[in-house]
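J.: Chain order of the listed sequences is W and D.
Here numbering that gives the first Met the number 0 is used: the first residue of the first sequence is 0, the next is one more, and so on.
Here numbering that gives the first Met the number 0 is used: the first residue of the second sequence is 0, the next is one more, and so on.
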Amino acid sequence: MKMYEYRFRRRQLLVSSVGLIGYAIVRPVFSAPVTLDAALAEFSRGGKVTTGKVKFEIAELIDNGNAVPITVSVDSPMTEANHVVAIAVFNEKNPQREMIKTKLSPLAGRAQLSTRIRLATSQKLTAIAEMNDGSFFSHTVEVVVTLAACIEE
Amino acid sequence: MARALITIPPNPKRNSIIEIRVLIQHPMETGLRPDAEGKVQPRNIIRRFECRFIVGDKSDLIFSAELFPAISANPYIAFHLRATQNGTLNFQWTGDNGFAQTETAALVVV
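1) Could you name the residues of the same chain whose beta carbon sits closer than 7 angstroms to that of W/P27, not counting the 5 residues immediately before and after it, in chain order?
2) Going along the stretch 88–120 of chain W in order, which residues come within less than 7 angstroms of chain D, judged by CB to CB distance?
3) When the Cα atoms are used, what is the spatial distance from W/K100 to W/V71?
4) Give a yes or no on whether the minimum CB-CB distance between D/P68 and chain W is below 9 angstroms.
5) Quick one: does W/V67 have its CB under 9 angstroms from some CB of chain D?
6) Just checking: is the beta-carbon of W/T70 within a distance shorter than 9 angstroms of some beta-carbon in chain D?
7) Just list the residues that DSSP pairs D/D59 with in beta bridges.
8) Helix, strand or coil: how does DSSP classify D/L66 here?
9) Taking only the alpha-carbon atoms, compute the straight-line gap between D/N10 and D/D95 and give it to the nearest angstrom.
10) To the nearest angstrom, how far is it from the Cα of D/I16 to the Cα of D/K38?
11) Using a C-beta cutoff of 9 angstroms, does W/S77 count as contacting chain D?
12) Please classify W/V144: is it buried, with 16 or more other beta-carbons within 10 angstroms of its beta-carbon, or exposed?
13) With D/N89 and D/R51 assumed to form a contact (beta carbons below 8 angstroms), what rounded beta-carbon distance in angstroms separates them?
14) Can you find a C-beta in chain W that's less than 9 angstroms from the C-beta of D/P74?
15) For D/D59, return the contacting residues in chain W, with the cut-off set at a CB-CB distance below 7 angstroms.
16) Could you give the DSSP three-state label for W/P155: helix, strand or coil?
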């Protein structure tokens with residue numbers, strides 16, 4: 000009887016530890032944040048995104064990730080008939096995929112946006128533009144960050 | 000009132016494309032960083048920026064931006080406008096904790 004009890008508990012332990020390992024393996028998959036591709040697909044509402052037209056300017060090697068100047072320009076005449084309606088920037092490894100989403104009017108005259116962003120680590124960044132005809136264009140760059148944002152107190 | 004800096008080229012030529020640069024004083028606290036006591040500080044960011052061009056009763060939205068915690072403290076944004084006529088530029092920032100600020104600047108073309 001004693002023997003039976005012992006084996007039973009051992010089996011229980013075995014089962015529960017397998018469960019624990021399984022949980023540890025599966026958990027990160029479920030808690031993983033949205034991927035860059037998923038964020039882009041959401042922005043383009045599942046539409047096709049073509050590489051080109053968009054130019055994403057950023058330093059390749061970044062000393063300080065707290066304020067990184069970026070410029071995104073889109074090749075467009077910005078007329079009523081043919082203009083950029085939105086420009087957005089997404090990242091791969093920051094805590095949140097979105098960085099900035101802008102909307103433009105043809106009155107802007109030029110489809111260009113400059114700002115300063117935070118970068119948590121070396122990663123890929125994508126600038127995406129939506130045209131008034133519903134097409135999407137993008138430019139992806141890869142940057143190396145030596146001092147990340149988010150670590151300073 | 001937070002300090003805001005707005006840079007517009009003085010007296011641009013009619014129909015030229017000008018760059019408008021705006022910067023506003025704001026911590027853009029991400030909501031992810033711990034303070035000295037190890038407690039996570041609540042998020043406090045500017046969520047939206049808008050620029051309108053006003054001529055008489057007509058107000059056109061030229062540019063708007065949705066900002067996220069990935070935008071650096073004291074958000075700086077530069078964008079463009081075709082200077083077609085005289086008017087007023089209206090800049091508006093709104094954000095967490097009821098943050099709201101409006102600034103205006105005159106556009107005089109030659």
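No residue lacks a Cβ here, since even glycine has one placed at the ideal position from N, Cα and C.
T.: By the coordinates alone:
1) Note that W/P27 scores 45 on pLDDT, short of 50, meaning its location in the model is unreliable; the coordinates nonetheless yield the value given after this. Around W/P27: no qualifying Cβ.
2) N90, N93, P94, Q95, E97, M98, I99, K100, T101, K102, L103, S104, L106, A107, G108, R109, Q111, L112, S113, T114, R115, I116, R117
3) 12 angstroms
4) yes
5) yes
6) Yes, contact with chain D.
7) D/F52
8) strand
9) 36 angstroms
10) 47 angstroms
11) Reading off the sequence shown, one finds Met at residue 77 of chain W, where the question assumed Ser. W/M77 belongs to the set of residues whose beta carbon lies under 9 angstroms from a beta carbon in chain D.
12) buried
13) Contact between D/N89 and D/R51 holds, with the beta-carbon distance rounding to 4 angstroms and staying under 8 angstroms.
14) yes
15) S104, L106
16) This structure leaves residue 155 of chain W out entirely; chain W is present only between 0 and 152.
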